[in-house]
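Residue numbers for the sequence shown follow UniProt numbering, beginning at 1 and rising by one.
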Amino acid sequence: MDIADIATTDYTEADVGERFGKIRAAFEETNPKAIVITDDGEYAGIVTERQILQSHVEDNTKASAFMRSAPGIDREEDIREVARKLVEGGTMVAPVFDGEGLWGIVTADAILESVLENLDAITVEQIYTDEVVSVNRDTTVGRAINLLREHGISRLPVLADDGQLEGVVTTHDLRDVIIRDMDKATVGDRAGDLERILDIPVYDVMNSPVETADREETAKAAVERMLDSDYNGLMVTADENDRHVSGVVTKTDVLRALTFTEDEHMDVQITNIDLLDTLAREDVRTDIAGVTDKYRRMQVQHAHVRFQEHKEKLRGTPLIHCQIRLRTNRGQVAGSGEGYGANSAFHVALDKLERNVLEMKGMQSDEEYEGQLLRKLNEI
């Protein structure tokens, strides 16, 4: 199936000179997945909900200053490759080209709808992420926004004092409250009004009760609920307690699963691949394989490397956060770290990953030794 079969020519467009205030209003009026930014009719970039949450952007700032890039898609491209490009580009929307000209857009939702019937072969447990960033009811909206940006995620579970799930706050929720309250304020009041909004506790804006998924259900069932409710993800709860958060499954996790291969070499996916400087994909794969080969009984099913750029720079080189996460036959294992430039950040994260892999090896070796000892004792 070519991507043209599910892409659309119906999208919201704005010029690079358009003001931030007007683009923010467009999100409220039509609730688009993204707005395509053009320069004299030519594609220039996109604006998503995440850009709307940039509280430091003034209303008169031009779109060219806060838009982001997205991977270009050829309208005859294969769905599996498009899914990979969306994940690696860290976006849920991408422009589709016919030759050199902008033809339309493709969304993650459209891809998932087209493959929905095939997702009953995958379970949530096979694709979900078991590491979750959470907040409590008193966390401020400003802090929640910073956490979403810092970790490149779209939702935060709100946990009660006893650690039980109380609600969830998403990029969409925060975008709505900021747009609504900012549109009520006059130009002179906006600085103070924004400060007030950022101080609101997330308890006032969170969703409750929370739509959840359990690990045994199919990806198809989880995606159907995401699409029906227009959610980008669901909290995964423990089987014995539907208020204990054990992970999160998102549309991005499902897209990533569509790119898994059965090649002999380890499949590696890189989010925000455009941040790579002196690194190449093959270097990343080889270095990770060098770590996992030290424990051959741990079969790596998939490796995901995510880069996130911070504002801080050293002699022009940005501070980068890198996380490496492996899905293996013995569970998930990860390592993260920061450095100036992707190369430095990757190797800090790789060192942490190696320590965690060896720790997993040690724990499992201890368990095997204990089992052997018990068997010997039973033989006496």
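For every residue, glycine included, the Cβ atom is placed at its ideal position computed from N, Cα and C.
Who pairs with residue i in a beta bridge, going by DSSP?
i	result
Pro-157	Val-168
Ser-336	Gln-323
Phe-97	Asp-74, Leu-102
Gln-269	His-304
Glu-42	Asp-39
Lys-22	BP columns for Lys-22 are empty, so no partner.
Val-245	Thr-237
Thr-107	Val-93
Pro-318	Lys-313
Determine the extent of the beta strand (DSSP E) in which residue i is found, giving its start and end residues.
i	result
Ala-303	300-314
Glu-13	12-15
Within 10 Å of its beta-carbon, does residue i have 16 or more other beta-carbons around it, so buried, or fewer, so exposed?
i	result
Asn-31	exposed
Asp-173	buried
Ser-208	exposed
Gly-290	exposed
residue 396	With the chain covering 1 to 380 only, the question about residue 396 has no answer from this structure.
Gly-167	buried
Asn-272	buried
Ala-238	exposed
Asp-228	exposed
Tyr-11	buried
Leu-280	In the sequence as displayed, the identity of residue 280 is Ala instead of Leu. Its Cβ having fewer than 16 others within 10 Å, Ala-280 is exposed.
Glu-264	Only weak support exists for where Glu-264 lies, its pLDDT of 49 falling under 50; the value from the coordinates is given anyway. With fewer than 16 Cβ atoms within 10 Å of its Cβ, Glu-264 is classed as exposed.
Glu-42	exposed
Lys-22	exposed
Lys-313	exposed
Leu-358	exposed
Thr-8	exposed
Gln-164	exposed
Gly-219	Just to set this straight, residue 219 is Ala in the shown sequence, not Gly. Ala-219 comes out buried.
Which class does residue i belong to by DSSP, given the choice of helix, strand or coil?
i	result
Ser-229	helix
Arg-143	helix
Tyr-203	helix
Val-124	helix
Arg-355	helix
Ala-221	helix
Thr-186	Here Thr-186 scores only 47 on pLDDT, less than 50, and its place in the model is too uncertain to base an answer on.
Glu-264	For Glu-264, the predicted structure reports a pLDDT of 49, less than 50, and the residue's modelled location is therefore unreliable. The matter cannot be settled from this model.
Asp-130	coil
Gly-331	strand
Thr-278	coil
Val-135	strand
Val-82	helix
Val-87	helix
Val-47	strand
Ala-342	helix
Ala-349	helix
Asp-162	coil
Met-360	helix
Ser-114	helix
Glu-58	coil
Tyr-369	Only weak support exists for where Tyr-369 lies, its pLDDT of 44 falling under 50; the value from the coordinates is given anyway. In the structure shown, Tyr-369 sits in a helix (DSSP, three-state: H, G or I).
How far does the alpha helix (DSSP H) with residue i in it extend, from its first residue to its last?
i	result
Ala-289	281-292
Asp-253	251-258
Ala-213	Per DSSP, Ala-213 belongs to no alpha helix (DSSP H); it is in the beta strand (DSSP E), 212-214.
Ser-208	Element bounds for Ser-208: n/a, residue is neither H nor E.
Ala-4	Premise fails: Ala-4 is in no alpha helix (DSSP H) and is neither H nor E.
Leu-53	Here Leu-53 belongs to no alpha helix (DSSP H), and DSSP marks it neither H nor E.
Ser-64	63-66
- Query: Does the segment 341-355 come close enough to the segment 316-330 to have 3 or more Cβ pairs within less than 8 Å?
  - Reply: yes
- Message: For the structure I just gave you, are there three or more beta carbon pairs, one from the segment 12-25 and one from the segment 110-125, closer than 8 Å?
- Response: no
- Count the C-beta pairs between the segment 151-158 and the segment 233-249 that are closer than 8 Å, then say yes if the count reaches three, no if not. Result yes; three or more Cβ-Cβ pairs closer than 8 Å.
- the segment 241-253 / the segment 126-139 touching (three or more Cβ pairs under 8 Å): Segments in contact, yes.
- Given 8 Å, three or more beta-carbon pairs between the segment 202-219 and the segment 138-145: yes
- Task: Determine, using beta-carbon pairs with one atom in the segment 35-51 and one in the segment 88-99, whether at least three such pairs fall under 8 Å.
- Result: yes
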